[in-house]
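Asks:
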Amino acid sequence: MKSGAAGPGRGVPHDMRDELCPACTESDSDHQNDVDTWIACSHCGTWYHVVCVRLTNWDDYDKWYCKTCRDSLPLEPKMRAPRRRSHRARPVTDYAAVQEGKPSDPIGRWTTLLAQYKDWPVRVSRVEGSTWTSQWLSTSLEPLISPTLVPVPTTQDLENPASHIPGMRMPPRHTTIRDVAQLVGPDTHVEVIDVRTQMSSRAWTLSMWADYFETPVAKREKLLNVISLEITGTAMQRMIEAPAMVRENDWVERDWPMHRRPCHADDEARKWPKVQRYVLMGVQGAFTDFHIDFAGTWVYYHVVWGHKMFLFAPPTSANLASYKAWTLSAQQESEWLGDRLQQLTKVEIRTGETMLIPPGWIHAVYTYQDTLVIGGNFLTDHDVAMHWRIEQMEAATHVPRKFRFPHLVRLAWYVAYAWHKRLSHGTSAPPPRIMEGIAQLCKRLELDVVKMETLPSASKGYKAAWDAVPRDVIRDPRALLQELQAHCKSRNVPHKRQRRYYER
Numbered sequence: 000m001k002s003g004a005a006g007p008g009r010g011v012p013h014d015m016r017d018e019l020c021p022a023c024t025e026s027d028s029d030h031q032n033d034v035d036t037w038i039a040c041s042h043c044g045t046w047y048h049v050v051c052v053r054l055t056n057w058d059d060y061d062k063w064y065c066k067t068c069r070d071s072l073p074l075e076p077k078m079r080a081p082r083r084r085s086h087r088a089r090p091v092t093d094y095a096a097v098q099e100g101k102p103s104d105p106i107g108r109w110t111t112l113l114a115q116y117k118d119w120p121v122r123v124s125r126v127e128g129s130t131w132t133s134q135w136l137s138t139s140l141e142p143l144i145s146p147t148l149v150p151v152p153t154t155q156d157l158e159n160p161a162s163h164i165p166g167m168r169m170p171p172r173h174t175t176i177r178d179v180a181q182l183v184g185p186d187t188h189v190e191v192i193d194v195r196t197q198m199s200s201r202a203w204t205l206s207m208w209a210d211y212f213e214t215p216v217a218k219r220e221k222l223l224n225v226i227s228l229e230i231t232g233t234a235m236q237r238m239i240e241a242p243a244m245v246r247e248n249d250w251v252e253r254d255w256p257m258h259r260r261p262c263h264a265d266d267e268a269r270k271w272p273k274v275q276r277y278v279l280m281g282v283q284g285a286f287t288d289f290h291i292d293f294a295g296t297w298v299y300y301h302v303v304w305g306h307k308m309f310l311f312a313p314p315t316s317a318n319l320a321s322y323k324a325w326t327l328s329a330q331q332e333s334e335w336l337g338d339r340l341q342q343l344t345k346v347e348i349r350t351g352e353t354m355l356i357p358p359g360w361i362h363a364v365y366t367y368q369d370t371l372v373i374g375g376n377f378l379t380d381h382d383v384a385m386h387w388r389i390e391q392m393e394a395a396t397h398v399p400r401k402f403r404f405p406h407l408v409r410l411a412w413y414v415a416y417a418w419h420k421r422l423s424h425g426t427s428a429p430p431p432r433i434m435e436g437i438a439q440l441c442k443r444l445e446l447d448v449v450k451m452e453t454l455p456s457a458s459k460g461y462k463a464a465w466d467a468v469p470r471d472v473i474r475d476p477r478a479l480l481q482e483l484q485a486h487c488k489s490r491n492v493p494h495k496r497q498r499r500y501y502e503r
């Protein structure tokens, strides 16, 4: 995962990441969503957000000048020279050269791997849609030990391929990218990833994105990808309903107060985690390199139309250590992480199919053909220790805050408060796996309570811990935790998380 400068000029100074540029205003809503993509004037050196100066192809400039300099001096932007096309066959990626630090083409690397490794093992559970219930999630090991795929029944009407999964509603198969743009808003800015560089920009609108997507494959000058368009609060929301199993167990859906979920919130105090309804739009040949979804969330993933391939690795201690080392490595762009991962497995997903990805699984994604996907991230009580483990890894690897689960600790406090109420009012004991999750939740929040009790009130650590507590419902965090921990102790909750089969 990368962030930082784009185009002419040096890298963006770290202390500029949250500043405004000369072309944006305090009220510019796009500013907060694109603080990592800047371009510097090649004459005066002033930095601008690419979204504010309306650049969609910022990485193609060799020299770029701001309006002030262009108006006062005879300056013209200069584009990078196009690469000379070769009619020679592209060579196979030399991984010995990669290990020596020589650069490799990331797109060529993926196509080479697909050609060389056709027989990756396939470890995926295939279940009927009716299997997806809260009971299954709470008591079966199946959803935790491998990705789970729900195929389209042979008798299923493809116009409504999601109806066989309880409570799930998805857009019909004939939905187009232009439809998405109209429903969400054609002028809505969307974060677009350049597959070659893995850099992103919000200079695109959905109308521009639809124009690009409708361009014939052979005429597309770049491979681009959209994987972070969240559509809650738009007209498209009524077309999408996550499976009932997801909604019943999702911490946000279950425990974040409804009156604190405004469709649009300008101030930080009123914002909430909107991560349940993503629209992903990938063109043929696009890929996303190995990653773990923020906070190691569960993911539900439905292909409206198209064809994708996932490479998965379970979150064993060895695999997570390899992933962490690769993330911190200067050779990340030229090193194939798959060589370091154990139990790598391939899963293909096609039109009308739906997949559940367990917490913390490392995965990469390749798009075989143009694809429209609806997906969502969610946290549950079922593997809380993994969520905190990934949270710690994100901090250790310096993942920018914009790529982390929003308001995670505040959400955890709401969950703790809700469980305290349920257990205090005589709710029957939940399944052992859930009680184990509550105990792990307390263990994580204990860290913040200790910060509030020991750190100076002016310190950043104290302020972050204090601000995360929802004071409208929790007045004494320590007392709440002690009572919740007592509930866990009275039910003989195990102190250690049960190991999965792939960890043995």
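Going by numbering that gives the first Met the number 0, the residue at position 208 of the sequence shown is 207; the numbering climbs one at a time, nothing skipped. Even glycine gets a Cβ: it sits at the ideal position worked out from N, Cα and C.
(1) For P469, which residues from the same chain have a beta carbon less than 7 Å from its beta carbon, with the 5 sequence-adjacent residues on both sides left out?
(2) Under a three-way DSSP split, which group does S133 fall into?
(3) Is the distance from the Cβ of D382 to the Cβ of G295 below 9 Å?
(4) When we look at the beta-carbon of H424 and count the other beta-carbons within 10 Å, is it buried (16 or more) or exposed?
(5) Buried or exposed: which applies to T366, given that a residue is buried once 16 or more other Cβ atoms fall within 10 Å of its Cβ?
(6) What separation, rounded to the nearest whole angstrom, lies between the Cα atoms of T147 and M244?
(7) Can you find the residues in the same chain that come closer than 8 Å, C-beta to C-beta, to P476, ignoring five residues on each side of it along the sequence?
(8) Identify whether F289 lies in helix, strand or coil by the three-state DSSP scheme.
(9) Assign D288 to one of two classes, buried (16 or more other C-beta atoms within 10 Å of its C-beta) or exposed (fewer than that).
(10) Taking three-plus beta-carbon pairs below 8 Å as touching, is the region 233-248 in contact with the region 306-314?
(11) Tell me which same chain residues have a C-beta within less than 6 Å of the C-beta of R122, skipping the five on either side of it?
(12) Give me the DSSP bridge partner(s) of D193.
(13) For L407, I'd like the list of residues in its chain whose CB is within less than 7 Å of its CB, leaving aside the five on either flank, ordered along the chain.
(14) Just confirm the distance between the C-beta atoms of W203 and V189, as a whole number of angstroms; I'd bet it's less than 8 Å.
(15) N248 CB to nearest chain D CB: under 9 Å?
(16) Is the separation between the beta-carbon of S200 and that of V364 shorter than 9 Å?
(17) Looking at C-beta atoms only, is the number of pairs between the region 210-224 and the region 246-256 that lie closer than 8 Å three or more?
(18) For T379, which option in A394, T396, A415 has the closest C-alpha, if you only look at C-alpha atoms?
(19) What are the complete alpha helix (DSSP H) segments, minimum 4 residues, inside the region 348-409?
(20) From the DSSP output, read off the bridge partner residues of H306.
(21) Going by DSSP, what residue range makes up the beta strand (DSSP E) through G281?
(22) Could you tell me which whole beta strand (DSSP E) segments of length 3 or greater appear in the region 413-453?
(23) Can you grab the Cα-Cα spacing for the pair C43 / W37, in whole Å?
(24) Helix, strand or coil: how does DSSP classify S206 here?
(25) Mind reading off the beta-carbon distance from T231 to K270? Whole number of angstroms is fine, and I expect it under 8 Å.
(26) Let me confirm a value: G107 is counted as buried when at least 16 other C-beta atoms fall within 10 Å, else exposed. Which label applies?
(27) What are the boundary residues of the beta strand (DSSP E) that H48 is part of?
(28) Determine the direct distance from the alpha carbon of P455 to that of V372, and round the result to whole angstroms.
(29) Thinking C-alpha only, which one of T196, L136, Q331 is nearest R246?
(30) Tell me which same chain residues have a C-beta within less than 6 Å of the C-beta of T370, skipping the five on either side of it?
(31) Distance, Cα to Cα, P313 vs Q341?
(32) Can you tell me whether D292 is buried or exposed, with buried defined as 16 or more other CB within 10 angstroms of its CB?
(33) In whole angstroms, what separates the C-alpha of W109 from that of T196?
(34) When burial is assigned at 16 or more other CB atoms within 10 Å of the CB, is T130 buried or exposed?
(35) Which partner residues of K77 appear in the DSSP bridge assignment?
(36) Over the uninterrupted beta strand (DSSP E) stretch that includes I38, give me the two end residues.
Replies: The structure says:
(1) The answer, listed in chain order, is R409, W412, Y413.
(2) Of the three classes helix, strand and coil, the one that applies to S133 here is helix, per DSSP.
(3) Yes, they are a contact pair.
(4) It is exposed - the Cβ of H424 has fewer than 16 other Cβ atoms within 10 Å.
(5) Buried, by the Cβ-count rule.
(6) The alpha-carbon atoms of T147 and M244 are separated by roughly 14 Å.
(7) Contacts found: W412, L444, D447, V448, M451, V468.
(8) Here F289 sits in strand by DSSP.
(9) Classification for D288: buried.
(10) Cβ pair count under 8 Å is below three, so no.
(11) Answer for R122: S145, T344, listed in chain order.
(12) DSSP output for D193 lists M198, L223 as bridge partner(s).
(13) Within the same chain, L407 has close Cβ partners A294, E390.
(14) With 8 Å as the limit, W203 and V189 qualify as a contact, their Cβ atoms being about 5 Å apart.
(15) Protein chain content of the structure displayed is limited to a single chain, and chain D is not contained in it.
(16) No. Outside cutoff.
(17) Judged by Cβ distances under 8 Å, the region 210-224 makes no contact with the region 246-256, as fewer than three pairs qualify.
(18) The alpha carbon of T379 has as its nearest neighbour, out of A394, T396, A415, the alpha carbon of A415.
(19) Here the runs fully enclosed are 383-395.
(20) According to DSSP, H306 bridges with R349, Q368.
(21) Run containing G281: 277-281, per the beta strand (DSSP E) assignment.
(22) Runs found: none.
(23) Straight through space, the alpha carbons of W37 and C43 are spaced by roughly 15 Å.
(24) Helix.
(25) About 12 Å separates the two Cβ atoms, so there is no contact after all.
(26) By the C-beta density criterion, G107 is exposed, having fewer than 16 other C-beta atoms within 10 angstroms.
(27) Annotation for H48: the continuous beta strand (DSSP E) segment containing it runs 46-48.
(28) The C-alpha of P455 is placed about 47 Å away from the C-alpha of V372.
(29) Among T196, L136, Q331, the Cα nearest to that of R246 is on L136.
(30) Here the set comprises G281, G305, K307.
(31) If you take the alpha carbons of P313 and Q341, they lie about 8 Å apart.
(32) With at least 16 other beta carbons inside 10 angstroms of its own, D292 counts as buried.
(33) Those two C-alpha atoms are separated by around 14 Å.
(34) Buried: at least 16 other Cβ atoms inside 10 Å.
(35) Paired residues: K62.
(36) First-last of the beta strand (DSSP E) with I38: 37-39.
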